[in-house]
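Those letters in the sequence shown? Residues -26 to -1, 1 to 113, per mature numbering (1 follows the signal peptide of the UniProt record, and there is no 0), in order. Notes to accompany the following structure.
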Amino acid sequence: MTIKTGLMAGALFLLAGCNAPSHTTAPDTCKADNQMQQTTLYFGLNRPAGEAIGGQEWQQFVDGDVTPRFRDGLTVFDARGQWLGNDGKVAREPSKALMLIHGQDAESESKIEALRGIYKKRFAQESVMRVDQPVCVQF
């Protein structure tokens, strides 16, 4: 066996144990009481017309709409995003990413969708992107 063939066989052996991650349950090593859902919402800060959504407006949204629904905690990140708008143009804008850790239940789902709807309506947004994934959480 040549070195090249040996390296290829070794790589195939290592890859044989790889599986695509499951998107429906937390990692196998996670205890049942540590399994939660992570949802990250991405909020654009530019309005289609008029001035950008300011820091005070954002904080009012967090304080008045997000916090009452997710009192256990949340994390906000500043971000810069780009996306293809309905008009076919690439839009670049400052954004906020809101990360929520919550149970996998209908109540959390309803609260998240309410936040997306409120933000889109209040700030004339086409969309609020949502990304979900199972996580294993320990405090």
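Even glycine gets a Cβ: it sits at the ideal position worked out from N, Cα and C. Values in this document were obtained by computation on a predicted structure and should not be read as measured data.
| Taking lysine 85 as the reference, which of Lys63, Phe17, Arg43 and Gly77 has the closest Cα? | Arg43
| task | Buried or exposed for histidine -4, please, with buried defined as at least 16 other CB atoms from any protein chain shown within 10 angstroms of its CB. | result | Unreliable positioning characterises histidine -4 in this predicted model, as indicated by a pLDDT of 48, which lies under 50. A coordinate reading is not provided.
| Touch check for the stretch 58 to 69 and the stretch 83 to 97: three-plus C-beta pairs under 8 Å? | no
| Are the C-beta atoms of aspartate 52 and some chain C residue less than 8 Å apart? | Among the chains in the structure shown there is no chain C, since it carries only a single protein chain.
| Per DSSP, which one or two residues make a beta bridge with aspartate 46? | According to DSSP, aspartate 46 bridges with nothing at all.
| request: Locate the beta strand (DSSP E) running through glutamate 67, then write down its first and last residues. | output: 64 to 76
| task | Please determine if the stretch 34 to 50 and the stretch 101 to 111 are in contact, where contact requires at least 3 C-beta pairs separated by less than 8 Å. | result | no
| Does the beta-carbon of leucine 72 have 16 or more other beta-carbons within 10 angstroms, so that it is buried, or is it exposed? | buried
| message | Quick check on DSSP: helix, strand or coil for cysteine -9? | response | Because the pLDDT of cysteine -9 is 40, which lies under 50, any placement of that residue in the model is unreliable, and the number read from its coordinates should be weighed accordingly. Reduced to three states, the DSSP call for cysteine -9 is coil.
| Cβ atoms of glycine 55 and serine 69: under 8 Å apart, would you say? | yes
| message | Considering only their Cβ atoms, is the gap separating glutamate 67 from leucine 19 smaller than 8 Å? | response | yes
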